[in-house]
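Written out below as structure tokens is the structure these notes cover.
Numbering (this note's numbering), first residue to last: 3 to 369.
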């Protein structure tokens with residue numbers, strides 16, 4: 003899953019220097035591998051002032067890149083941010099080490115509901131601590147969608163995307179989707195009333211048929227473009243992330259463009275996922291890594307990152323420090339009723355993953 007979001011409105015990450023460190027080096031350094039733009043820019047220097055530990059960072063913008071690097075071992079990184087559905091693979095490969103909870107005095111701040119969702123992919127919550135989380139739903143241009151479908155446009159339903167009678171009318175103003183088979187195909191399966199993480203090949207044929215039916219009306223699949231294009235009015239509907247729609251909305255409000263951007267978590271249910279701190283088994287600075295995780299568990303610290311990234315965090319005591327316009331936004335912090343409809347992303351066995359990959363290739367090519 004790519005996490006490149008509207009780079010024009012986010013400050014660039016401070017990238018660290020070389021990653022290699024000598025064996026036995028003092029715990030005065032920490033090497034972090036994180037998604038691009040996934041840390042409030044002042045946090046590294048503030049952490050160093052607080053702890054004396056210098057944080058070095060490298061960034062990735064695809065889970066596949068991160069996985070391949072971590073799986074190969076000897077990365078030189080200590081701490082990695084990993085999406086919930088890739089955790090089982092990393093755990094099974096033996097590249098992670100269990101977290102010493104006795105070193106995490108701030109763990110009590112974590113929302114137990116988010117921990118429960120994470121436990122689907124990390125049984126017993128042994129290897130991962132949730133950092134931020136989010137949903138995958140529908141972002142849309144309010145006026146353009148109404149112009150195409152009328153006042154009763156089904157913006158609260160996946161029917162907006164998966165019914166040909168609707169998406170065909172949106173083609174003129176542009177529909178785009180994440181380039182993410184794990185998300186788009188899972189959503190299609192769920193819409194069809196099938197298990198979103200099915201291992202049945204026949205289910206994937208049904209999802210393929212649905213997606214191929216609407217494929218002629220999808221302009222492109224690209225996780226890094228959809229938010230900017232929605233903000234600029236180049237497209238009118240996206241299957242994407244909540245924070246991207248919120249950022250697009252903020253851009254238009256600031257520019258007084260008159261364009262109204264909204265986000266929907268469809269009533270049938272949407273995807274929920276978390277980004278998580280994991281400690282590599284061959285980490286050379288494990289104590290520094292745990293100290294950083296504990297630092298990020300401070301409510302006021304993680305709130306700064308939420309305000310910067312426009313993502314909700316997993317810290318139940320941080321909400322009061324999150325900007326009001328963010329914490330009161332149901333796109334970002336859904337109510338309990340909506341949370342109950344969300345479906346967590348899960349990994350697939352290799353055989354099913356290959357089937358899904360083949361389906362995605364056909365869907366993207368339209369053949």
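Where a beta carbon is used, it is the ideal one built from N, C-alpha and C, also for glycine.
Being a predicted model, the structure only gives us computed values, none of them experimental.
- DSSP assignment within the region 223-260 yields the following whole alpha helix (DSSP H) runs of 4 residues or more, N-terminal first: 228-234 and 244-257.
- Shown here, residue 334 sits in coil according to DSSP, grouped into three states, outside any helix or strand.
- Here residue 315 carries a strand assignment [DSSP, helix/strand/coil].
- Its Cα nearest to that of residue 276, the residue 121 stands out among 219, 48 and 121.
- Around the beta carbon of residue 286, a 10 Å sphere encloses 16 or more other beta carbons of the protein chains shown; the residue is thus reported as buried.
- About 5 Å separates the CB atoms of residue 150 and residue 171; that is less than 8 Å, so the two are in contact.
- With respect to the 8 Å criterion, residue 67 and residue 279 are not classified as neighbours on the basis of their beta carbons.
- Classified as buried, residue 261 has 16 or more neighbouring CB atoms from the shown chains inside 10 Å of its CB.
- Of all C-beta pairs linking the region 143-161 to the region 237-244, three or more are shorter than 8 Å, placing the two stretches in contact.
- For residue 324, the secondary structure class from DSSP, reduced to helix, strand or coil, is coil.
- Counting only residues of its own chain and dropping the five nearest sequence neighbours on each side, residue 119 has a CB closer than 6 Å to the CB of 346.
- Closest in alpha carbon position to residue 338, among 306, 271 and 361, is 271.
- Contact holds between the region 357-364 and the region 206-215, because three or more Cβ pairs, one in each stretch, are under 8 Å apart.
- Taking residue 245 as reference, the option from 300, 263, 259 and 297 with the minimal CA-CA separation is 263.
- Residue 143 has 263 as its beta-bridge partners, per DSSP.
- Ranked by Cα distance from residue 316, the first of 303, 352 and 80 is 303.
- A distance below 8 Å separates the beta carbons of residue 349 and residue 123.
- Per DSSP, the unbroken beta strand (DSSP E) holding residue 61 starts and ends at 56-62.
- For residue 115, the closest alpha carbon among the candidates 333, 318, 358 and 331 is that of 318.
- Nearest C-alpha to residue 299 among 331, 62, 320 and 329: 320.
- DSSP places residue 277 in the uninterrupted beta strand (DSSP E) bounded by 273-281.
- In the displayed model, residue 347 falls within coil according to three-state DSSP, outside both helix and strand.
- Around the beta carbon of residue 153, a 10 Å sphere encloses fewer than 16 other beta carbons of the protein chains shown; the residue is thus reported as exposed.
- Here residue 333 really is in contact with residue 248; their C-beta atoms are around 6 Å apart, less than 8 Å.
- Taken through DSSP and simplified to helix, strand or coil, residue 362 comes out as helix.
- The Cβ neighbour count for residue 369, taken over all protein chains shown within 10 Å, is under 16; the residue is labelled exposed.
- For residue 72, the three-state secondary structure derived from DSSP is helix.
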